[in-house]
Amino acid sequence: MNLPEILFLTLFVTLAPLVGYQLVLSLLALNAKLHARFESNSNRKFAIVVPAHNEEKIISKTIYSLSGLIYPKSNYDIFVIADNCTDNTAELARSLGVIVLERANTQKKGKGYALRWAFDQILGYQKGYDAIIVVDADSLISGNYLEVMNFYLDNGSRVIQSSDLVLPEPGNWSIEATRIGFLLHNYVKPLGRKVLNLNMGLRGNGMCFSTEVLREVPWKAWSLTEDLEYGLNLILSGIKIDFAPEATVFAQMPVEAKNAESQRSRWELGRLQIIRMYTAKFLIRAFKKRSASYFDVFIDLVTPPFVNMMLLVMISLMAIFGLWIFEIVATYHLFMWALLALTGIVYFFIGMYVSGADKNLYKSLLHLPVYIFWKIKVYINAYRKGKEIDWIRTERDN
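Residue numbers (our numbering): 222 to 619.
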């Protein structure tokens, strides 16, 4: 076996299990059973927290969406956390009848600090909330949201992540491509894990915590992806995170691709932080406890975004084809990489089917090359910047 064969075989052995596992999860998702009725013994009291930093352009839509939930109005309160705001976010939210908590701390910036501060405030309220829900300021929420959370809590869940998806924007390549990524990562894969009774990672938007969990494991996550970090801490503490696909939050993505770059930079830099901090912990814990659940979390952490993996697979396949033409690599290498590419494609289309993708999403595949080049640009800019310590705010469209 020559050097090119050794190198490509090593890469294949690394990528094949990751792509194959995603296909397995999508096949399991095909057989997932969703609840149709959400009968509960009692209506719990919820505090819905909306962290907001200069969100006057969009906060009204989120508040209106939350105010219209199908649930007794006396059993939930909406809290807008006006975190270091210099605009009219607080005044606007207050005029719409919600509770506004204003925070000013220029030393400890970021969503993680804002959430911990808000949780401490709310846990001290005499109303005695049973659970706290976190919803981003740029979101619309399905009307059954609290009904579903109440049902899951009634059935023993303590931490719940709902479907976290993206509002459609037909014709906009960056938003529609992001919507595909969210469907696969935040719906299809968790649905497959649900069938296996594995943990769901936190996604930041649409998280529900029983108040006893927040007292038992206080929020101490300050990284750029604070939601993912806190979820990992919960799992290490032995607390299961359930997935409720029947309830959904829809995030509004920036229409202009340039306005989404700061958000994507934060996600990529934050993900690298988390990989460095937690992959070894979960791998060691998986072997010590012989736990499939911990090993699944490890796999999820080291798995690159699907589009990144498939780009690498397709580039490798083309390179192998060229080497095969010149008889540098054996024929079986070509078949292996072709099979891997086919596995990824099958996973993608099964995922699109499971998630009920509309025709606009299929049309957006035509813009995939533009999206890939844009992502490469985002990666380069993010890694060039290095570590960011501030809450990187996504610029809102007018």
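Beta carbons are placed, not taken as given, at the ideal position from N, Cα and C, and that holds for glycine.
DSSP places Asp341 in the uninterrupted alpha helix (DSSP H) bounded by Lys332 to Leu344.
Taken through DSSP and simplified to helix, strand or coil, Glu277 comes out as coil.
For Val234, the enclosing alpha helix (DSSP H) begins and ends at Leu224 to Leu251. For Leu386, the three-state secondary structure derived from DSSP is strand.
Leu322 and Tyr592 have their C-alpha atoms roughly 38 Å apart. Taking a C-beta distance under 8 Å as the contact criterion, Leu419 and Ser486 do not qualify as a contact pair. When DSSP states are grouped into helix, strand and coil, Glu260 belongs to the coil group. Within the same chain, Met421 and Phe464 come within 6 Å of Pro411 by CB-CB distance, once the 5 residues on both sides are set aside. Assigned with DSSP and collapsed to three states, Ser458 falls in coil, not helix or strand. By the CB criterion at 8 Å, Arg511 and Leu374 fall outside the cutoff.
Going by DSSP, Phe430 is part of no alpha helix (DSSP H) but of the beta strand (DSSP E) stretching over Met428 to Ser431. If you draw a straight line from the Cα of Ile362 to the Cα of Thr283, it is about 8 Å long.
Of the residues Phe594, Phe542, Thr432 and Phe527, the one whose Cα lies closest to the Cα of Val567 is Phe527.
Rounded to whole angstroms, Ser295 and Leu367 show a C-alpha spacing of 13 Å. Exposed is the label assigned to Met222, since fewer than 16 other Cβ atoms lie within 10 Å of its Cβ.
At a Cβ-Cβ threshold of 8 Å, Asn602 and Val476 do not count as neighbours.
Annotation: Phe547 is outside any beta strand (DSSP E) and is labelled neither H nor E by DSSP. Straight-line measurement puts the Cα of Asp357 at about 19 Å from the Cα of Leu435. For the pair of segments examined, the stretch 580-587 was found not to touch the stretch 538-558: the number of CB pairs separated by less than 8 Å stays below three. Exclusion of the five residues before and after Trp338 leaves Arg324 as the residues of its chain whose Cβ lies within less than 7 Å of its Cβ. For the pair of segments examined, the stretch 259-276 was found to touch the stretch 343-354: the number of CB pairs separated by less than 8 Å reaches three.
Within the stretch 431-503, the complete beta strand (DSSP E) runs of at least 3 residues fall at 462-472. Under the three-state reduction of DSSP, Pro272 is assigned to strand. In the DSSP assignment, Arg324 falls within the beta strand (DSSP E) that extends over Ile320 to Arg324. Measuring C-alpha to C-alpha distances from Leu248 to each of Ile495, Arg315, Met573 and Arg492 identifies Met573 as the nearest. Excluding sequence positions up to five before and after Ala237, its CB lies within less than 7 Å of the CB of Leu561, all in the same chain and listed in chain order. Here the alpha carbon of Ser444 sits roughly 30 Å from the alpha carbon of Val416. Comparing alpha-carbon positions, the option among Ser378, Ile343, Ala442 and Gln382 lying closest to Lys332 turns out to be Ala442.
According to the DSSP assignment, Tyr366 belongs to the alpha helix (DSSP H) that extends over Tyr366 to Asp375. In terms of CA proximity to Pro225, Phe542 leads the group Phe594, Thr564 and Phe542. Inclusion of Thr469 and Ser383 in the CB contact set at 8 Å is warranted, their separation being smaller than that value. Short of 7 Å from the beta carbon of Ala335, and not among the five residues preceding or following it, lie these beta carbons of its own chain, in chain order: Pro272, Ile302, Asp304 and Arg324. Looking only at Glu397, Tyr600, Arg497 and Leu317, the smallest Cα-Cα distance to Trp488 is reached by Tyr600.
Pairing Asp448 with Gly425 gives a Cβ-Cβ distance under 8 Å.
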